[in-house]
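Residue numbers (my numbering): 860 to 1406.
Quick notes on the structure that follows.
This is the structure we're talking about:
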């Protein structure tokens, strides 16, 4: 059957398999297309916009996702996870004369919110991070875990001494790497694995000492895919690294050089009956991105662990039989957001630790049989849920994730604006909030940064720099400067946010296009649109080309 999206008006298909899935979870078919369902979930995810403020309980200074003048009650990690307050204190009766989401929003404005979404107790010297677990000496790093000495990175795992990296695992002493695994001392690599001492590379595997190379396997001392003697290779690299202008010239040269080589239609490893990109060990996964261990799932992104029999999930692992939820762990989760530990049979719950059999709850650390944070008996809970669902059907709220207009964040503070960008007026017209920039954070600097790292003195640590792209002010910290000097990297002229946005542009996004293989003509579902400049091959033709 076909359905028209309520937001963008685009028709989208609901298959017989989809109908069977929604019937199993006892939920209606969606009213939004997959893209707008994702946009709605991401509009509740502020990853990178951090503020200094005071905790509303202990009044200590902290870093948080909410500014000081936020309309929400916000606690620091120590206070939120303590037993000094009880979320059930805010419980209330459901009012059948009003809509559910209006009442949920009122509850959300009263129940204390945690300031950051981190694993309390697993971080050391890592105050300026979010969605991070097991991190030591990390700074402005987001959605990552098992890290040490990591700065300005996102979606990285099991990595050490890296800066400006994204969507990668097992990196050490790396800079500006994207979609990579198991790299050591590499710079500006993409879609590469098991490499060391490489720079400017794409599609490399098992390579060492390669510069400007594409689609090579188990090669050493190659320069733009041509072999060199070790001495000649090292001489050329030394000449390039000694001059920032040459480095930038080589970067542009490499970008053009990559167009001579085919790209694989998508990055999938050990996947059966699946479509998507950057997925591993998956079976029957449809339009899924950045994850591993999925089975029988659809429209899922960022799943760093097992996920089964679920639709429209983002940022979750160890989840089963769930729908339209974000940052969750557990079984049978319907329209939930930020459930930090394993839970089951939750519906429309948010910003919680764990629990089971709850509906419309916020801030609960454990518990069961609760609605809007009010405790019920098991029997009364079941009866009330049935009544509330019937009421929500009448108000046309049942089957929907939390509306974007009730998000605690402005649209341009959220990940939604990265993948579905809007201008200020467009967002306000659509009913979303918008955060106008603080002009005090812009335009203070007239400092010219020396382009060769050897010419940078320690006094740069005391200076306020200005981003060449957005004009936002930023500073260099001591550990960052040590990294640049050790790796012979020029101090960036862009702020960390603009560098992050540039890395996103270099990736291929989370959308699949129907096109043909540029070699054999077979139909493929690719991350590369048919009108792009790159040559794109199906999996079979790509393997024949590079091996």
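Each residue gets a CB set at the ideal place from its N, CA and C atoms; glycine is no exception.
Check	Outcome
Beta bridge counterpart(s) of residue 1206 as assigned by DSSP	1193, 1218
Range covered by the alpha helix (DSSP H) that runs through residue 1278	1275-1278
Nonlocal neighbours in the same chain, by C-beta distance under 6 Å from residue 1198, ignoring five residues either side	1187, 1211
Under the three-state DSSP convention, the category residue 1079 falls into	strand
Residues bridged to residue 1396 [DSSP beta-bridge criterion]	1123
Cβ contact check for the region 1363-1383 and the region 1340-1351: 3 or more pairs under 8 Å	no
Range of the contiguous alpha helix (DSSP H) that encloses residue 1357	1355-1365
Three or more C-beta pairs below 8 Å linking the region 1145-1152 and the region 898-911	no
Top-ranked residue by Cα proximity to residue 1378, from 1112, 1371, 1098, 1398	1398
Beta-ladder partner(s) of residue 1316, from DSSP	According to DSSP, which records beta bridges pairwise, residue 1316 is partnered with nothing at all.
Cβ-Cβ separation, residue 1054 to residue 1065 (assumed contact under 8 Å), whole Å	7 Å
Cβ distance (whole Å) where residue 1050 is taken to contact residue 1126 below 8 Å	6 Å
Start-end ranges of the alpha helix (DSSP H) lying completely within the region 895-980, minimum 4 residues	936-939, 959-967
Three-pair Cβ contact test at 8 Å for the region 875-895 versus the region 1176-1183	yes
Three-way DSSP call (helix, strand, coil) for residue 1096 in this model	helix
The region 912-932 in contact with the region 1222-1238 per 3-pair CB rule at 8 Å	no
Inter-stretch contact at 8 Å, needing at least 3 Cβ pairs: the region 993-1003 / the region 1293-1302	no
Pair within 9 Å by beta-carbon distance, residue 1308 and residue 1324	yes
Reduced DSSP secondary structure (H/G/I, E/B, other) of residue 1002	strand
C-alpha distance - residue 1258 paired with residue 1326, whole-angstrom precision	44 Å
Terminal residues of the beta strand (DSSP E) in which residue 1073 lies	1067-1073
Candidates 1234, 1337, 935, 1207: closest to residue 920 by CA position	935
Burial state of residue 1052 (16 or more Cβ within 10 Å)	buried
Strand pairing of residue 1136, partner residues [DSSP]	1148
Residue 1031 - DSSP class collapsed to helix/strand/coil	strand
Candidates 943, 1122, 1209, 1373: closest to residue 1393 by CA position	1122
Beta carbon of residue 830 nearer than 9 Å to that of residue 1205	No statement about residue 830 is possible, as the shown extent of the chain runs from 860 to 1406 and does not include it.
Counted within 10 angstroms of its Cβ, other Cβ atoms place residue 1235 as buried (16 or more) or exposed	buried
Straight-line gap, residue 1208 to residue 1138 (C-alpha atoms, nearest Å)	28 Å
Residues near residue 1384 by beta carbon distance below 7 Å, same chain, minus five either side	1134, 1371, 1373
Span of the alpha helix (DSSP H) around residue 1417	Here the chain comprises residues numbered 860 to 1406, so residue 1417 is not present and cannot be evaluated.
Residue range of the beta strand (DSSP E) that includes residue 1015	1013-1022
Per-residue DSSP class, three states only, for residue 1010	strand
Outcome for residue 1400 when other beta-carbon atoms lying within 10 angstroms are tallied against a minimum of 16	buried
Cβ separation of residue 1004 and residue 909, assumed to be a contact under 8 Å, to the nearest whole Å	That pair is no contact at about 18 Å.
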